[in-house]
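Numbered according to the numbering used here, the sequence shown spans residues 1397 to 2605.
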Amino acid sequence: MEPVGLAVGAAGLAGLFSSCLDAVERFDSYKNFGRDWRSLATQFDADKHRFEEWGRAVGFENGRLSDSHHPALDDAQKLAVVRKLLDSIQDFCSDAEDFLYQQYTQSDDGLAKSGLVSSRQIQPRHGAPMASRWRKAAWALTGKTRQTGHVQTFATLVQYLYDVVPPNNASDALSKRPTQLQDSLTAFLDDIRAFMNKVEEEMRAEIKRDLRVWLGCPSTNDLYDDSIHKRLDETCKWILERDEIRDRLSSSASTTKVLWINGPEVEIVSTNHQTPVAHFFLSSKFEGRDDPFIAPRSWVADVAFGNQAALDIVYKRRLAQHEQVATRATLVQLFREVVQTVPFCTFVLDGLDECTWLGESRDGANSVAHFLSELRQAIADTTARIMVTSRNEPEIWHRLSQFPGFNEYLISPKDVHANNVAYSRSIVNNKLSKQDKSTKSNISQRMALRCNGQFQWLKMQEEFLRKGRSRKQLERDLDSAPAGLDRLYDRNWDRIQSLRHEDRKRAFSLLRWAAFSVRPLTVFEMTGAVLVDDDCDDLALDEFPDSVDDDYVDSEILGLCGSLIEVRGSKSPVGWREVHLAHFSVKEYLLFKIPSRGTILLANERLRALNESIESTALAKLRLQYIRFPRVWDNSLAEEKDQIIVLFRNYAANSWFQHTNLNDTKDNALMDAIYAFFDGRDQTWELWRQCFDSNLDGLGPEETETIMPASPLYYASRLGLTGVVKHLLQHCNHDPNEKSNSGRSVLVYECKIGNIEVAQMLLDMGANIDVTGIGGQTALIAASMNGHLDVVKLLLNNGADISDIDDNGYTSLGVASAEGYFEVAELLLNKGASVSSEGINGWTPLYSAVFNGHIPVVKLLLDHGANVTVTDNDGWTPIGLVSYHGHPEVAELLLAHGADVTARNKYSWTPLDVASEGGHTEVVKLLLAHGADVTARNNYGWTPLTVASVRGHTEVVKLLLAHGADVTAVDYIGRTPLHSALRKGHLEVTKLLLAHGIDLEAADSQGWTPLHTTSTNGNVELANFFLERCPGHIKIKDQIGRTCLFLAAMRGRSEIVRLLLSQKASTDIKDLYNATPLIAASRHGHESVVELLLQAENVDLGHKDDFGLTALSWARKSGNARTLQLLLEGSDGEEVQINSEDTVTRKGVVSFHENNAWCDICTFYVPGGKVYYFCEVCPGGDFCICLECYAAGLKCLDSSHNWSLEDMD
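Dropping the structure here:
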């Protein structure tokens, strides 16, 4: 075995194996934080056990290699293979945490570093944020993809260990040829690394996808993008050419908060704003058309993914919440936080009139009226602006006119005439392509004049533009065409009425499902839907089509309904395309036309809502009827027929209870069917229950309860079927205390959603008020957490224990305070709730209220004697917490009640420290006004000026300097605030510090001058500044013997290298380990730097460092082909030694990250999960030695120093 290089000997291998065990344990500790992990847990546990058994069997004991170890470990080649395998295990298990470092937002990073969410001491230079519930929660959000990759990789690597060194067969191990194993292993590792790099990119996208899911963002982009794609060139631009609209939307407009653009039909609008713009396209084609609150869900995501500050807010709130989808209350609060943080946001809502319910509906919370009221309150006192486009609906005008700064723009025929002409021309050119130019122009002009601004009217003329007609005939056809959509629809309706009975019945069924289904149905689903009617008592298999193809669609769907319906999409087979009404106005027409139970619906505008309710109830009945057919759960039919059955079954099973208020229905037959279904005797009940658990109640297939499942009573409660709950309790003798093995309790759920009627009934029927649900929540905690005041009163009056805690140690007062429910908190306090109760992290109700910035609740708690000086598990007081979050109003309250501005946490951080680090200028002013010490130092010697400088908060730095902050204060490794600002490249802060007379010659304990720091971070402007003032610094070496050029080459700062070379920086200097700038750049694959250095003088390509390697050898190890080629070309025929053992160990360019440790000897980074040695003396107690350098016998600056083993956790 080679004595040099990065190989670890047999003795050093024991330490590597121990660090692998630690990494595996840490990886294992994260697995319970993601529900999707559980299916992989058994495999991981088994492979973990095999790995531990292998180690014991071959001789690894308590971090040592026993004298009686496996003889194969004495073979140099096999040892090299084992070392590579152990390295890989450590890498892949560590990657789970390493990736999280890169995902941290700035606020999360500051939170961990300040000790707010961590209980472990951090490493100021090499350390990263510690493991916490925040990181574990974030890890769980990354999904199953990366977890699966790591588990499978770990299993394969463990098997390789068994192949190379079989524990129970020493002779077999000695006879194996290691070369073949190593070649196979190298190829495998290369493939895995490529795979994991791809997965990392997928994970970043997955985090955004998770946020979209949690926000409940609808997937309407296809509708919007499809509409944009179909838009004719040069149309829809008039809206941005009107001075009235441009002026009202300009960033300088101070009065217009809401602009309503209304008219007969409004097309999609977009704008090129410099400030954030988020749009939402609300369409009747979209399944969520009943809920206008889907718009702000999309808006929040759009702004957050384009603005880091907004993303921080959303991400932090996501980690703090437990629900799978953000509640409406959470959403509205989050929306307001975003518009308060990001100035001059413009939100566009197109097609508001296409929302089903304009006025107060059967579900008033989903109405446009309620939505606009909530929106008005959310943007109050902010710079946000709203642009709404819709038809001129009185209800929309009434609600929008209540917004301060309301303006409207009424679309005139003149505005859209050019668009009408362009669209008409497009239709005519497509349908009458063989007509002469004059005819086409004449016909298109006639159409544009006749349409009265209605694009749908133009579209519906397509089927009447027949190619064989003469010009005169075409003109007569257009002149006789009904003017207006209703008359045009009448023509289609009359044709349907003339069909034979069976076809007419099918056409009505198609229109009903297209108009009133919860979402658009696919052709497959629609095929199953139209076969169900009130009269069938089983699945009519003989009515299924022989094939679902284009002919079927043309004859059995489009051929029956004409231009009232259309099939959209291009998916193959055609069964996956969606069936839609041609336009949302078709639905309005049908509400007064389509027969229901043999009669015509009530034709009165005031009863439109009732008409729709009748239709929705009818479809609910058909869906329930369908899933009660045993045959639909029997997946044993022919493939396409079975596909139709299963697809519509899944739709019906997951939606029969939606889109209608079953509690108010007068349909006795429907209610009888529901009662029969929920009494538990229906033979399809259990199959539906499992389907519901998997698809709608958040349980994976492996978690669906087979032992002690939730009762029918729970599901009736879960679906909001109050009448069914009453029936089951009063007539079916269901036990109100039934509880599933996962903790799903009826009483807890009803109290969570605030259903006081059912909660009262359950209590009257003997429900146990102390029952706990999921997460250990009692009914009182669930009601308090969701702000249901009346339910809280009911529970307290029935003896609920106000001191009960959930699994996180929080009381009902704690959760009410966290969510900001003032009246609930007030009631609980008046009933004797303890204001000093603590959760598992030591947070009192005051902490929870302060954390979320709920000012009224903070006042309330303070008035009831909440202790402002109490500390949590990390030593933080409420004033420290609010200083971190930057809530000046809350800070002022706490200070008025005696909060201590000098209070320190366990890391000696003061409130002024975290406020300064966060850049919260107003809070900093308050703390300074109350006597905060600007010279106070934490455990690392950092002052408030230091942390403000490193974050680049110019205004805070000005304040601190004005209050006497010491610009010469040095931290524990001799860095001044100037060094801290320079490390991040903050030019403005640097200028401020220089203006206060800071010493440019000062070097820190590493020996770094300001020029060393700027060379490291790559700021060319600052490097020029210091070169002009301190030109001699270009020659100064730090404590490890490295110049500015060396550091810039090591970090890949090519522009700095170019600048330093132009100033005659020496290229032949060597650090204490005999590395040159060229070797440093080659180690890390910085090809542009290598190219610059090869052009300089005195570059020795044959020079070897203390590892015995040249720049060429390092280039080969880095796996960078371009770097290797440059060095070979630069050798100019000179014979340079390349070791045959120089295999690729670290592929690609190394990226230095603040949260990674790196070895001060070889300069390679130490990923999360690995261990390393740490010298607490050299230099300044901040010297890192990786295991490879330790095994190679390399030392710190003084070999007599003692080293400690550190964990990069």
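For every residue, glycine included, the Cβ atom is placed at its ideal position computed from N, Cα and C.
Where the beta strand (DSSP E) through residue i begins and ends
i                  : result
cysteine 2580      : 2579-2581
valine 1744        : 1742-1746
phenylalanine 2570 : 2567-2571
isoleucine 1782    : 1781-1786
valine 1721        : Per DSSP, valine 1721 belongs to no beta strand (DSSP E) and is neither H nor E.
leucine 1806       : 1802-1806
valine 1975        : 1974-1977
Pairwise C-alpha distance: residue j and residue i
i                  : j                  : result
aspartate 1463     : cysteine 2574      : 35 Å
proline 2108       : aspartate 2186     : 26 Å
phenylalanine 1676 : glutamate 1984     : 23 Å
leucine 1935       : phenylalanine 1550 : 50 Å
leucine 1461       : leucine 1409       : 8 Å
glycine 1801       : aspartate 1811     : 24 Å
tyrosine 2022      : histidine 1897     : 23 Å
leucine 1469       : alanine 1476       : 9 Å
threonine 1918     : leucine 1956       : 17 Å
leucine 2609       : methionine 2067    : Examination of residue 2609 is not possible in this model, given that the chain is present from 1397 through 2605 alone.
threonine 2273     : valine 2231        : 15 Å
aspartate 1443     : alanine 1453       : 15 Å
valine 1673        : arginine 2045      : 40 Å
leucine 2583       : aspartate 1441     : 27 Å
threonine 2350     : alanine 1776       : 29 Å
proline 1563       : glutamine 1486     : 21 Å
serine 1414        : arginine 2438      : 33 Å
isoleucine 2394    : aspartate 2434     : 20 Å
lysine 2380        : leucine 2242       : 36 Å
aspartate 2309     : threonine 2339     : 7 Å
leucine 2522       : leucine 2474       : 12 Å
leucine 2323       : valine 2330        : 10 Å
glutamate 2483     : arginine 2449      : 11 Å
alanine 1765       : glutamate 1791     : 7 Å
Inter-residue CB distance, residue i and residue j (contact presumed, cutoff 8 Å)
i              : j              : result
valine 1344    : valine 2453    : Residue 1344 is absent from the structure shown; the chain starts at 1397 and stops at 2605.
leucine 1977   : leucine 1960   : 7 Å
histidine 2408 : leucine 2357   : 24 Å between Cβ atoms; not a contact.
serine 2208    : leucine 2176   : 5 Å
leucine 1906   : lysine 1863    : Contact flag wrong, Cβ pair sits at about 28 Å.
tyrosine 2469  : aspartate 2502 : 5 Å
Neighbourhood of residue i by C-beta, 7 Å cutoff - its chain only, sequence neighbours within 5 removed
i              : result
threonine 1737 : Ala1705, Ala1706 and Ile1709
glutamate 2487 : Leu2522
Limits of the alpha helix (DSSP H) - the one that residue i falls within
i               : result
isoleucine 2369 : Element bounds for isoleucine 2369: n/a, residue is neither H nor E.
valine 2320     : 2317-2325
arginine 2518   : 2517-2526
histidine 1897  : 1897-1912
isoleucine 1961 : That residue, isoleucine 1961, is in no alpha helix (DSSP H); its beta strand (DSSP E) goes 1961-1964.
valine 2486     : 2483-2490
histidine 2408  : 2406-2413
Same chain, Cβ closer than 6 Å to residue i, five either side skipped, listed in chain order
i            : result
lysine 2466  : Thr2472
leucine 2457 : Ala2492
lysine 2037  : Phe1940
Nonlocal neighbours in the same chain, by C-beta distance under 8 Å from residue i, ignoring five residues either side
i             : result
arginine 1941 : Checking the sequence, you will find proline at residue 1941 rather than arginine. Only Thr1923, Tyr1948 and Glu1952 meet the Cβ criterion.
Quiz item: Between the region 2006-2014 and the region 1890-1899, are three or more C-beta pairs nearer than 8 Å?
Solution: no
Quiz item: Hey, is the region 2161-2171 in contact with the region 2133-2152, meaning 3+ C-beta pairs nearer than 8 Å?
Solution: yes
Quiz item: Can we say the region 2010-2020 touches the region 1781-1796, given the rule of at least three CB pairs closer than 8 Å?
Solution: no
Quiz item: So, do the region 2331-2351 and the region 2375-2395 have three or more beta carbon pairs nearer to each other than 8 Å?
Solution: yes
Quiz item: For the 8 Å Cβ check, are there 3 or more pairs between the region 2472-2481 and the region 2501-2516?
Solution: A contact exists between the region 2472-2481 and the region 2501-2516.
Quiz prompt | Cβ contact (3+ pairs, closer than 8 Å) linking the region 1790-1799 and the region 1817-1832 | solution = no
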